[in-house]
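Taking numbering that gives the first Met the number 0, the leading residue of the sequence shown gets 0, the next gets one more, and so forth.
Even for Gly, the Cβ is constructed at its ideal location relative to N, Cα and C.
These notes concern the structure reproduced below.
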Amino acid sequence: MRDKPPKLLKLAADLFENPEDQDAFVNSVLKRHPYKPALVWMDFRPEDSPFKVEERREWQPGFVDRLIRDQRPGQHAWHEEGRFYCMTFSSVFESCVFENVPAKPEVVVDLCASPGGKTVMAWRTLKPRVLICNEVIGKRTAQLLANVKRCGIHPSWVTSLDSAVFVERCPASVDLVVVDAPCSGQSLIAKGKHVTACFHNHVINHNRNRQRRILSNAAKMVKPGGRIAYMTCTYAEKENEGNLRWLMKNFPQLVPEEVPALKQLQSHLAEFPCYRMWPQQGLGAGGFTSILRNDSDEEARPMDVDALSPVWETGDM
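What follows is the structure in structure tokens.
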């Protein structure tokens, strides 16, 4: 096992009071687990599926399979045909909060969408009338667009806009705003990536601040009765529970909702509903997820997709 970075040990002490829990967390992060991939079936699960699957978790959506290791679904012809989408099981966990949204909402916006996993899960779970997949970083838009096309997500609109533009052009008009926020990416260490800078305070604080900017804009986009789903793939409390506390303080109309299926994964770092998958649980590298409802009495506004100047679209409103 690799040497234990002091900043990782400090993070573990911030996250867990019990020394045994701290050790389990640190050892799991540094072990580089070969975590099992998940398949999201885009239509139905075929009876003749060639893949061997693990036992289902109680919160696992019915259209998702977790595979036994040493299979290569990305090389199967069905992948290129768009019959399924491959993603991490941590990402599946994070997406379970979408089940709190009533089926077939009018408008869903995935603000930080590339490469497209949360877009796929939102479409598969909810089948919204309008699904806008946004990626502000231009060079990442191509991968998002390729996955939207391959998986046949229809109708959908792909945009490449700063979140502030949505506030200007379509405020208070979105049923679900998905913020799979850019973060310090600490869980990448557990996947074997060399990103030790992710534990530095300046990296964590930089990401916290840009996450707050995106969340602030999301709060202005969501319509009364609508929801914001906030999630990251990092461990730092500042970027997760801390950001939700900041959001609720600055936008008191936003109320965190319980997700019954995730009750056993409630974060011990919060006094309100939000959820954690930890790497020592053995299911994935880890993640954080939450969903907040807008209890404002304001009047909802209509959505005008054309005002967003989409770079690609599959359907008309």
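request  = Measure the beta-carbon distance from residue 254 to residue 294 and round it to whole angstroms, keeping in mind my assumption that it falls under 8 Å.
outcome  = Within the sequence shown, the letter at position 255 stands for residue 254. Within the sequence shown, the letter at position 295 stands for residue 294. That belief holds up - the Cβ atoms of residue 254 and residue 294 are roughly 5 Å apart, short of 8 Å.
task = Give the secondary structure of residue 276 by DSSP, where H, G and I count as helix, E and B as strand, and everything else as coil.
result = The residue you call residue 276 lines up with position 277 of the sequence shown. Of the three classes helix, strand and coil, the one that applies to residue 276 here is strand, per DSSP.
inquiry  = Closest to residue 104 by C-alpha separation, out of 34, 176 and 277, would be which residue?
reply    = As a position in the sequence shown, residue 104 is number 105, starting the count at 1. Closest option to residue 104, Cα to Cα, is 176.
inquiry  = If contacts are defined as beta-carbon pairs under 8 Å, then residue 62 and residue 40 qualify, I think. What distance do you get, rounded to the angstrom?
reply    = As a position in the sequence shown, residue 62 is number 63, starting the count at 1. As a position in the sequence shown, residue 40 is number 41, starting the count at 1. Sure, about 5 Å apart at Cβ, within 8 Å.
message = On the criterion of 16 or more Cβ atoms from any shown chain inside 10 Å, does residue 242 qualify as buried, or is it exposed?
response = Locating residue 242 in the sequence shown gives position 243, where the first residue counts as 1. Buried.
key: Per-residue burial, residue 283 [other beta carbons within 10 Å of its own, 16 or more giving buried]   = To locate residue 283, count along the sequence shown from 1; it is residue 284. When all chains shown are included, residue 283 counts as buried.
task = Within the same chain, show all residues whose beta-carbon is closer than 6 Å to that of residue 269, passing over the 5 residues directly before and after it, in chain order.
result = As a first step, residue 269 must be located in the sequence shown, where it is residue number 270. Around residue 269: 240.
key: Nearest-angstrom Cα separation, counted from residue 31 out to residue 285   = Within the sequence shown, residue 285 is the residue found at index 286, counting from 1. Within the sequence shown, residue 31 is the residue found at index 32, counting from 1. When rounded, the distance between both Cα atoms is 12 Å.
ask   = Contact check, residue 288 vs residue 220 under 8 Å by CB: the rounded distance?
value = In the sequence shown, the residue the question calls residue 288 occupies position 289. In the sequence shown, the residue the question calls residue 220 occupies position 221. So it is not a contact: roughly 19 Å between Cβ atoms.
task = Would you mind working out which of 264, 73 and 223 sits nearest residue 297, comparing C-alpha positions?
result = If you number the sequence shown from 1, residue 297 lands on position 298. Of 264, 73 and 223, the residue nearest in Cα terms is 223.
task = Find out if the Cβ-Cβ distance for the pair residue 27, residue 189 is shorter than 8 Å.
result = The sequence position of residue 27 within the sequence shown is 28, counting from 1. The sequence position of residue 189 within the sequence shown is 190, counting from 1. Yes, the pair counts as a contact, with Cβ atoms nearer than the cut-off.
inquiry  = By the three-class DSSP mapping on this structure, what secondary structure does residue 284 have?
reply    = What you label residue 284 is simply residue 285 of the sequence shown in a count that begins at 1. Three-state DSSP puts residue 284 in coil, outside helix and strand.
query = Between which two residues does the alpha helix (DSSP H) carrying residue 12 extend?
reply = Residue 12 sits at position 13 when you count from the first residue of the sequence shown. For residue 12, the uninterrupted alpha helix (DSSP H) segment begins and ends at 5-14.
ask   = Counting Cβ pairs, one atom from each stretch, are 3 or more of them under 8 Å apart for the segment 135-154 and the segment 79-86?
value = yes
request  = Label residue 59 either buried or exposed according to how many other C-beta atoms from any shown protein chain fall within 10 Å of its C-beta, with 16 as the threshold for buried.
outcome  = As a working mapping, residue 59 is identified with position 60 in the sequence shown. Per the 10 Å Cβ criterion, buried.
task = Note down, one range per segment and in chain order, each alpha helix (DSSP H) of at least 4 residues found wholly within the segment 84-169.
result = 88-94, 116-125, 137-149 and 162-168
inquiry  = Using the Cβ count rule (16 or more neighbours within 10 Å means buried), how would you classify residue 207?
reply    = To locate residue 207, count along the sequence shown from 1; it is residue 208. Answer is buried; the Cβ neighbour count reaches 16.
message = On the DSSP bridge list, what partners appear for residue 289?
response = Mapped onto the sequence shown, residue 289 falls at position 290. Residue 289 has 229 as its beta-bridge partners, per DSSP.
request  = Identify the continuous alpha helix (DSSP H) that holds residue 175 and give its terminal residues.
outcome  = Position 176 of the sequence shown, counted from the first residue, corresponds to residue 175. Looking at the DSSP string, residue 175 is not in any alpha helix (DSSP H); the run it does join, the beta strand (DSSP E), is 173-179.
task = List the endpoints of the continuous alpha helix (DSSP H) containing residue 29.
result = One-based indexing of the sequence shown puts residue 29 at position 30. Its alpha helix (DSSP H) spans residues 18-30.
request  = Please say whether residue 23 and residue 279 have beta carbons closer to each other than 8 Å?
outcome  = Walking along the sequence shown from the start, residue 279 turns up at place 280. Walking along the sequence shown from the start, residue 23 turns up at place 24. Yes; because the gap between Cβ atoms is below 8 Å, this pair is in contact.
DSSP-derived helix/strand/coil call for residue 313 = Within the sequence shown, the letter at position 314 stands for residue 313. Note: residue 313 maps to coil in three-state DSSP.
key: Spatial distance of residue 252 from residue 228 (CA atoms)   = The residue given as residue 252 occupies position 253 in the sequence shown. The residue given as residue 228 occupies position 229 in the sequence shown. Approximately 15 Å between the Cα atoms of the pair.
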